[in-house]
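Comments concern the structure below.
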């Protein structure tokens, strides 16, 4: 029994990590579902604000980002969008994800 004592903190950390991971995953799913519902509501109300209304993006850059997204090169598309606009990672990823739909 004494030989198992050093493993107790490691086991406790693994259990805590697993619990945190499952809760985080659950919250992420809830957040994504709420965002889809909000997007649907905005579309129904006709008040959807497009990305182009919020950020000035040159036509050439917009076309390049669209091509990269359609080719499945999302990471490169996100990087170029962030370089061109200064957007945060999440906002750029959301925009590229919308292009892929």
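Residue numbers (our numbering): 55 to 155. Each residue gets a CB set at the ideal place from its N, CA and C atoms; glycine is no exception.
Between the options, which has its C-alpha nearest residue i's C-alpha?
i, options, result
"residue 170", "139, 138 and 126", "The question about residue 170 has no answer, for the chain in this structure spans 55 to 155."
"residue 115", "139, 100, 98 and 128", "139"
"residue 137", "155, 124 and 118", "118"
"residue 145", "121, 132 and 72", "132"
Helix, strand or coil for residue i per DSSP?
i, result
"residue 125", "coil"
"residue 83", "helix"
"residue 113", "helix"
"residue 141", "coil"
"residue 90", "helix"
"residue 100", "coil"
With residue i and residue j assumed to form a contact (beta carbons below 8 Å), what rounded beta-carbon distance in angstroms separates them?
i, j, result
"residue 141", "residue 135", "6 Å"
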